[in-house]
Amino acid sequence: MSAPQGELGKPEKVLAAFGKTRELAVGEEETLSFSIPFSAFASYDETGVTGYESCYVLEKGEYRVWAGSSVRDGEEAGSFVLDETKKLSQCSQAMAPEQKMKRLKAHRNEDGSLGFCYEEAPVRKERQAVRERNLPKDIPLTGDQGYKLGDVKEGRVSMEDFIAQLSEDDLSAIIRGEGMGSPKVTPGTAAAFGGISRSLNAFGIPCGCCTDGPSGMRMDSGAKAFSLPNGTLLACTFNLDLVGELFTFTGVEMVKNKIDALLGPGINIHRHPLNGRNFEYFSEDPLLTGKMAAAQIRAMHKAGVTGTIKHFCANNQETKRHFVNSVASERALREIYLKGYEIAVKEGGADSVMTSYGAVNGIWTAGNYELNTVILRGEWGFKGIVMTDWWATMNDEGQACASKTNLAAMVRAQNDIYMVCPEADKNTEGDNTLSSLEAGTLTLGELQRNAMNICAFMMNTHAYARSLGDETNVEVIGQNGRVQEEEDEVIYYKADEKGITLNLETVKAKKGTFYSFALDLQKTGGYRVAITAKSDLGELAQMPVTLQAGGTPVAVFTFNGTGGEWTPIEKRVVFPHKYALLRLYFGQSGLDLKEIAFTFEKPFDELSGDPSYVM
Numbered sequence: 000m001s002a003p004q005g006e007l008g009k010p011e012k013v014l015a016a017f018g019k020t021r022e023l024a025v026g027e028e029e030t031l032s033f034s035i036p037f038s039a040f041a042s043y044d045e046t047g048v049t050g051y052e053s054c055y056v057l058e059k060g061e062y063r064v065w066a067g068s069s070v071r072d073g074e075e076a077g078s079f080v081l082d083e084t085k086k087l088s089q090c091s092q093a094m095a096p097e098q099k100m101k102r103l104k105a106h107r108n109e110d111g112s113l114g115f116c117y118e119e120a121p122v123r124k125e126r127q128a129v130r131e132r133n134l135p136k137d138i139p140l141t142g143d144q145g146y147k148l149g150d151v152k153e154g155r156v157s158m159e160d161f162i163a164q165l166s167e168d169d170l171s172a173i174i175r176g177e178g179m180g181s182p183k184v185t186p187g188t189a190a191a192f193g194g195i196s197r198s199l200n201a202f203g204i205p206c207g208c209c210t211d212g213p214s215g216m217r218m219d220s221g222a223k224a225f226s227l228p229n230g231t232l233l234a235c236t237f238n239l240d241l242v243g244e245l246f247t248f249t250g251v252e253m254v255k256n257k258i259d260a261l262l263g264p265g266i267n268i269h270r271h272p273l274n275g276r277n278f279e280y281f282s283e284d285p286l287l288t289g290k291m292a293a294a295q296i297r298a299m300h301k302a303g304v305t306g307t308i309k310h311f312c313a314n315n316q317e318t319k320r321h322f323v324n325s326v327a328s329e330r331a332l333r334e335i336y337l338k339g340y341e342i343a344v345k346e347g348g349a350d351s352v353m354t355s356y357g358a359v360n361g362i363w364t365a366g367n368y369e370l371n372t373v374i375l376r377g378e379w380g381f382k383g384i385v386m387t388d389w390w391a392t393m394n395d396e397g398q399a400c401a402s403k404t405n406l407a408a409m410v411r412a413q414n415d416i417y418m419v420c421p422e423a424d425k426n427t428e429g430d431n432t433l434s435s436l437e438a439g440t441l442t443l444g445e446l447q448r449n450a451m452n453i454c455a456f457m458m459n460t461h462a463y464a465r466s467l468g469d470e471t472n473v474e475v476i477g478q479n480g481r482v483q484e485e486e487d488e489v490i491y492y493k494a495d496e497k498g499i500t501l502n503l504e505t506v507k508a509k510k511g512t513f514y515s516f517a518l519d520l521q522k523t524g525g526y527r528v529a530i531t532a533k534s535d536l537g538e539l540a541q542m543p544v545t546l547q548a549g550g551t552p553v554a555v556f557t558f559n560g561t562g563g564e565w566t567p568i569e570k571r572v573v574f575p576h577k578y579a580l581l582r583l584y585f586g587q588s589g590l591d592l593k594e595i596a597f598t599f600e601k602p603f604d605e606l607s608g609d610p611s612y613v614m
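At position 592 of the sequence shown (counting the first as 1) the number is 591 in numbering that gives the first Met the number 0, and the numbers step up by one without a gap.
Quick look at the structure:
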């Protein structure tokens, strides 16, 4: 579509619709039909220069339609004229920049060519008042009344009456996710969330599981999962049906592995070709991005699982992504960087969102009320959960620095879940949820609102069905028609403060095989790892044993023939997280194993600069 330049200025052309033919035989034809909503080429007016402030509008003038296989070879296919400017939808100012900035504005030159100039971007008005006008009411605490989450699902009690039973401790726990590699869910996955404590479980709240994506499931336990083409390659197909079919299979595979949410699709805009995350994202075009994301979400929903659209929003560089402040006008955000998310929510029914690491216009996204409540929930009608990126930081308005423990800012913004904590049922990281509640800077109603969002999500998952004993079994057919063998159960071993020693005498070092296990560590940091083994082979024989943590090789123990004597080999390894999903990979046979010992040496925060550890 080509829109008139008008008062606002527009790109010369914008993608408004696309389709893909089926495979056509020689001489065969197919007609593609498109129904294009006005919103696909509307403009956002921040200042009211068109007469409609904070609105999507169609400015008066001629609109031209182009059709072709690319933006460069389209032929004009029709046009229409609007005699007056029309308002499509009313919004409110949100996410506008605090600091003055200049932006490009297109205009039509006298000779009809397209030119540009610079103009001042509008700065934001006071945003704190918005939150204060929309504070949810506190629900008086009642204690345990015998209600379970199933009573809400079956319509026997209201969600409010159910949530009223949860104590302040329960409410502060339910907003924490646990991971990575939590033993409460599928081994090797990114997080457990929802019913992460005994108390929450007792109320019938199940523990949900999410795992990294978006190009298939990341399984760090040694289990196998299908690897999918990356987002950019999928978008190049322009084939929504094909992408939907692919992610229908992914949804079924998620059910097999007891995973409720895939951390994907990634839908940030290809703002610069050197962005290190571009491979996860679809396109430089917001419409193509949104349509692809919606197709994936709808497909996963068919299997009763979901995807988590990320990173919300404007995560358009990988360098210093935890700290960068993306400064953008409200119009650029709404028409470009937020548009894919809006399409995924409105057309795909997205019910899980992940905020980004950095800030947008001075406010870190995990604590941005205007992003997570005003726009996402208020304007788009989103009804699901919002989670932070892993170990994200939040800040309050007026605070330059962000903190990982400022969960009160997260709750106020209606970002529901902090990802992740070592033990979600304990405040081991010292977050400020309960202290802010006591100080009055966080209300009980805000905390209960998050809990209701989480519980509403959880009661429509396979995790909820599993908690009732309703298991869904899936068989994955592998190559040559064979059924894939089930993975061995991963056992968690609890270490003490000094470490742990595991007996390996029952483990067989057979070439090309794995042995998987997991550690629940009391201390994170640097460990001395020693494997004791023996071999009757000659001293020139080489038998490597690779230790993998989270799917990544961290140390190789290469044994030679030992003349039948037990021989230890030591390496130094860093374990930054409480839960360590580990595998031993055996490159050769001929080795007898005795034990593997993990001895704690140095706390994680003291490892920087120590050359004996590879960070």
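Yeah, the Cβ is synthetic: ideal placement off N, Cα and C, and Gly gets one too.
query, result
"Contacting residues, own chain, Cβ-Cβ under 6 Å from Ser588 (five flanking each side not counted)", "Lys509, Lys510"
"Among Asp219, Lys577, Glu369, Cys208, the one whose alpha carbon lies nearest that of Val304", "Cys208"
"Status (buried if at least 16 other CB within 10 Å, exposed otherwise) for Ile362", "buried"
"Spatial neighbours of Leu199 in its chain, beta-carbon cut-off 7 Å, leaving aside the 5 residues before and after", "Asp169, Ala172, Ile173"
"Proximity below 9 Å, CB of Glu437 to CB of Thr404", "no"
"Nearest-angstrom Cβ-Cβ length linking Asp137 and Gly439, presumed shorter than 8 Å", "Rounded, the Cβ-Cβ distance is 12 Å, inconsistent with contact."
"Buried versus exposed call for Tyr43 [16 or more other C-beta atoms within 10 Å across all chains shown]", "buried"
"According to DSSP, residues forming a beta bridge with Ala517", "Tyr491, Leu580"
"Beta-carbon separation (whole angstroms), Phe281 vs Ala234, contact threshold 8 Å", "4 Å"
"Gly525 classed as buried or exposed, judged by whether at least 16 other C-beta atoms fall within 10 angstroms", "buried"
"Spatial neighbours of Phe597 in its chain, beta-carbon cut-off 6 Å, leaving aside the 5 residues before and after", "Gly498, Ile499, Tyr526, Val528"
"Three-state class that DSSP yields for Asn559 in the structure shown", "coil"
"Where Ala16 sits in the DSSP three-state scheme", "coil"
"Backbone secondary structure at Gln447 - three-state DSSP", "helix"
"Inter-stretch contact (C-beta, 8 Å, three-pair minimum) for the region 109-116 and the region 65-84", "no"
"Status (buried if at least 16 other CB within 10 Å, exposed otherwise) for Lys382", "exposed"
"Cα-Cα separation between Val70 and Val64, rounded to whole angstroms", "12 Å"
"Whole-angstrom distance between Asn414 and Ser91, CA atom to CA atom", "20 Å"
"Cβ neighbour criterion (16 or more within 10 Å) applied to Cys54", "buried"
"Counterpart residues of Arg102 in DSSP-defined beta bridges", "Glu118"
"DSSP-derived helix/strand/coil call for His310", "strand"
"Status (buried if at least 16 other CB within 10 Å, exposed otherwise) for Ser226", "exposed"
"6 Å CB neighbourhood of Asn367 in its chain, flanking five on each side removed", "Ala412"
"Alpha helix (DSSP H) segment containing Lys124, residue limits", "Here Lys124 belongs to no alpha helix (DSSP H), and DSSP marks it neither H nor E."
"Check whether Tyr492 and Phe585 have beta carbons under 9 Å apart", "no"
"Cβ-Cβ distance between Leu446 and Asp430 below 9 Å", "no"
"Given Asp388 as reference, the closest of Val373, Val419, Asn394, Gln398 once Cα atoms are compared", "Val419"
"Test item: CB-CB of Pro205 and Tyr463 under 9 Å", "yes"
"Three-state secondary structure (DSSP) of Glu485", "Because the pLDDT of Glu485 is 48, which lies under 50, any placement of that residue in the model is unreliable, and the number read from its coordinates should be weighed accordingly. DSSP places Glu485 in coil when its eight states are reduced to three."
"DSSP-derived helix/strand/coil call for Ser157", "coil"
"Rounded distance between the beta-carbons of Met393 and Ala423, thought under 8 Å", "Not a contact, Cβ separation roughly 17 Å."
"6 Å CB neighbourhood of Val572 in its chain, flanking five on each side removed", "Tyr526, Val528, Val553, Ala554"
"Beta-bridge pairing of Gly322 - partner residues as DSSP gives them", "Residue identity check: residue 322 is Phe in the sequence provided, not Gly. Looking at the DSSP assignment, Phe322 forms no beta bridge with any residue, so it has no partner."
"Gly5, DSSP secondary structure in three states", "coil"
"Cβ contact check for the region 173-188 and the region 247-254: 3 or more pairs under 8 Å", "no"
"Rounded Cβ spacing between Ala292 and Ile268 (contact assumed at less than 8 Å)", "So it is not a contact: roughly 12 Å between Cβ atoms."
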